[in-house]
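Below is one structure; the comments refer to it alone.
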Amino acid sequence: MTGQAFFVLTALADGPRHGYGIVGEVAELSQGRVQLKIGGLYGVLDRLAAEGLIEPDREEARDGRLRRYYRLTRDGRGALAAEAELRAATARVVRVRLGLAGGEAAG
Amino acid sequence: MSGDLDLEQRYRRVLRLLPGYYRDKWEEDMVAAFLDSWLTGDPDEDSVTMEYDRPTRQEIASVVALAARLYLGGAATPRRYFAWGQAVRLAVLAVVLVHATQGLALLTLLTWRRHLAGWFPALPASLAGPVPGGAWPTVMNAVDCVWIVIFVALVLGHHRMARVVAALAIAVDLVFLLQAQLAGLLLRPLGTWSSWFLLDLAPVLAMAAFHRDAPPAARRPWLLALPGYYLLVPVPVLVIQATGNQAWLPDSAGLGCLVVSLACLAHAPRALSRPRQAAGSGTWSLALTLLAAVAGAWRIVSLGSYLHDPHLINVSLAELLILLAAVAMVIPDAARAQTAAPAPPPHPHPG
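Protein chains in written order, with our numbering: chain Y, 2 to 108; chain E, 407 to 757.
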């Protein structure tokens, strides 16, 4: 799973969001390190939808335009949980190897 | 005209870069997201924004990058775009393979010239030639050899590394060509410049087809192709040059035409016998058609250097005719390979 896909799925973990809402949430989650462009975001959303990891939730009208919200599917939740576990395990190994506090306790 | 458009229409105009099937699915969403990034909810401020603001360069670049990924598609895109993506990837690999084997041939020649392999006979006079001094020959030799690294990186999936190194290599080439042109040292400027545009710049730009959605290259056959092509083309060329028979060798553009023609002839039995329902697998035919277009364009442009010599013009035209006859055998299969499959189903509505 790419870093962008991981952040997009994480942004949808606590509830449905629309496109620009995902961009803002990803920027916040990554503390500004990941600034998704709209072209890049819809490349990721298209892939995740094709893989069955996200699906449309609802549409809301705003200023005459429809905002479509997306949510995680059951497979999406599973994939995100698995990826989070993998990343956490990797982080634990890194902390142990660097001799940082909490590495062994967490492992 | 653009002054009559509002911000939404300007975004829609940028989104026209994307394939139709993709716009059907995502355009409304993308426009809404773009506008959400500008609008504040204050009617006066939003009205000014809608009238005067424009898509930023970064936003346009992100749409262009997305368009490149979609047109040169991965496995999840409609058949036509996937076929084009695969064909471009195969054609780029083939051109980079040729560059890499030229690097190997250069290494062979340098080894021979410096007599590093003591058991090997001395370099014949026809290959010895004067060794130019200065830093440029060393730099250009290094650039030629670096294509071996680029090829291996591309085959092994290190696409970003391959793109960066290739961009540096052609930039150095460009500087060399410019200074040679200004100094009046280019013997056949048309052939040399067309070679840079068609065989250096175009493939490096086309490396955009090696994106994260693209299927990986078949490693084993491509890695075996490196020594295989080296033994089939550069080595016989070296032997012909070493035996003093250069007069029998076509120039680089002519050699390109003949090699692509032979590749078309070798592929023709498969292309001609392939059943129609398996047309989607004819991406090799499409790749060979692309390569034939490149070789043909190179041959035609470089003809300009031979206008003084009717014999060379005739030889070049014969090479072109051979190329046309050979590629005609694979073109029908190439056309079938890009036959559009039905577009993916429209985006499901929220349930």
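No residue lacks a Cβ here, since even glycine has one placed at the ideal position from N, Cα and C.
Beta carbon proximity, residue i to chain E, threshold 8 Å
i	result
Y:G41	yes
Y:R34	no
Y:T74	no
Y:A51	yes
Y:L30	no
Y:T11	no
Y:G20	yes
Y:G4	no
Y:G44	yes
Y:R48	yes
Y:L54	no
Y:R69	yes
Y:R78	no
Test item: CB-CB of residue i and residue j under 8 Å
i	j	result
Y:L81	Y:L10	yes
E:A740	E:T695	yes
E:S722	E:R594	no
E:D435	Y:Y43	yes
E:T689	E:Q492	yes
E:L735	E:A698	Note that residue 735 of chain E corresponds to Met in the displayed sequence, not to Leu. Cβ distance not < 8 Å, so E:M735 and E:A698 don't count as in contact.
E:W599	E:D579	no
E:A481	E:F488	yes
E:L632	E:L516	no
E:A743	E:L692	yes
E:V827	E:I556	No answer is possible for residue 827 of chain E: it lies beyond the span of chain E, which begins at 407 and ends at 757.
E:G597	E:A659	yes
E:L441	E:E414	yes
E:C663	E:L605	no
Beta-carbon proximity list for residue i, same chain, < 6 Å, skipping 5 on both sides
i	result
E:L671	A732
E:Q585	none
Cβ separation of residue i and residue j, assumed to be a contact under 8 Å, to the nearest whole Å
i	j	result
Y:K38	E:E433	With a Cβ gap of about 16 Å, Y:K38 and E:E433 do not count as contacting.
E:A620	E:R495	6 Å
E:T507	E:Y417	Actually they do not touch by this definition, with Cβ atoms about 46 Å apart.
Y:G41	E:S468	5 Å
E:I576	E:V610	6 Å
Neighbour flag for residue i against chain Y, beta carbons, 8 Å
i	result
E:L664	no
E:A746	Interpretation of E:A746 is limited by its pLDDT of 47, a score under 50 that renders its predicted location unreliable; the figure taken from the coordinates is listed afterwards. No, no contact with chain Y.
E:A620	no
E:A493	no
E:F440	yes
E:L472	yes
E:M613	no
E:A740	no
E:R475	yes
E:S601	no
E:M436	yes
E:S443	yes
Chain-order list of residues whose beta-carbon lies under 8 Å from that of residue i (same chain, five-residue window excluded)
i	result
E:V561	L499, A623, R625, W628, L629
Below-8 Å beta-carbon distance, residue i vs any chain C residue
i	result
Y:R93	The structure shown has no chain C; the protein chains it does contain are Y and E.
Other residues of its chain near residue i: CB distance less than 7 Å, five sequence neighbours each side excluded
i	result
Y:A12	R18, I23, E26, V27, L30
E:L709	I719, S722
E:L472	L424
E:P640	T507, Q508, L510, A511
Practice task
Can you give me, in chain order, the residues of the stretch 408-434 of chain E that have a beta carbon less than 7 Å from any beta carbon in chain Y?
Solution key: W432, E434
task = For the stretch 451-470 of chain E, enumerate the residues whose C-beta is nearer than 7 Å to any C-beta of chain Y, in chain order.
result = Q464, E465, S468, V469
- Task: Could you please tell me which residues of the stretch 481-509 of chain E, in chain order, have their CB closer than 7 Å to any CB of chain Y?
- Result: A482
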